[in-house]
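>
In UniProt numbering, the protein residues as written are 1 to 180.
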């Protein structure tokens, strides 16, 4: 009986900025197709995410940030990237460390990628002395909201935001690390 390929997590490097951008854009194009303008998702998101990750991966403060890439495959040379997570300590935040990105690529959702990445971010935040993590999810992203709520995240407010040229609402969820 064949076994499923191993899921491994590895730290991202500055050289991974194009890969992170491509995964981020693909995730948004799939997930936000009913929430953000098609023109943005089809024509702008690739360039916008590439600039974002180029800057993010060289920005100061890497000691406050965790970026991991999830890969499927048994051999390092044949592993396939299937998702990523980015978490960052936010000094002075009343909600703890920010889980800024959690993406499992389309076709690889529902197999434990997101849960494994989330657990890694939680362990990292605990090791940093944090007692809570928080994240934002777009209002209307029902599958992500359901996923977070199944994992024990609690809704704690909404904030206006702007993405893809439109005004949106971002819902804030908080996870208590000390009771996990």
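Where a beta carbon is used, it is the ideal one built from N, C-alpha and C, also for glycine.
#1: Quick one: what's residue 167 bridged to in DSSP?
#2: Identify every residue that forms a DSSP beta bridge with residue 154.
#3: Helix or strand or just coil, what does DSSP make of residue 81?
#4: Per DSSP, residue 132 forms a beta bridge with which residues?
#5: Ignore the nearest five residues each way along the sequence and tell me which others in residue 172's own chain have a CB closer than 8 Å to its CB.
#6: Considering just the uninterrupted stretch of the beta strand (DSSP E) at residue 62, what are its terminal residues?
#7: Straight-line CA distance for residue 29 to residue 20?
#8: Check whether the Cβ atoms of residue 120 and residue 9 lie closer than 7 Å to each other.
With the structure as the only source:
#1: The count along the chain shown starts at 1 and reaches residue 167 at position 167. Beta-bridge pairing by DSSP links residue 167 to 162.
#2: Position 154 of the chain shown, counted from the start, is the residue given in the question as residue 154. BP columns for residue 154 point to 174.
#3: Taking the first residue of the chain shown as position 1, residue 81 is located at position 81. Strand, per DSSP.
#4: By one-based count along the chain shown, residue 132 stands at place 132. Answer is 176.
#5: Locating residue 172 in the chain shown gives position 172, where the first residue counts as 1. Correct list, in chain order: 95, 134, 135, 136, 155, 156, 157, 158, 159.
#6: Position 62 of the chain shown, counted from the start, is the residue given in the question as residue 62. It is not in any beta strand (DSSP E) - residue 62 carries neither H nor E in the DSSP assignment.
#7: To locate residue 29, count along the chain shown from 1; it is residue 29. To locate residue 20, count along the chain shown from 1; it is residue 20. Going by the C-alpha atoms only, they are around 14 Å apart.
#8: Position 120 of the chain shown, counting from 1, holds the residue named residue 120. Position 9 of the chain shown, counting from 1, holds the residue named residue 9. The Cβ-Cβ distance between residue 120 and residue 9 falls below 7 Å.
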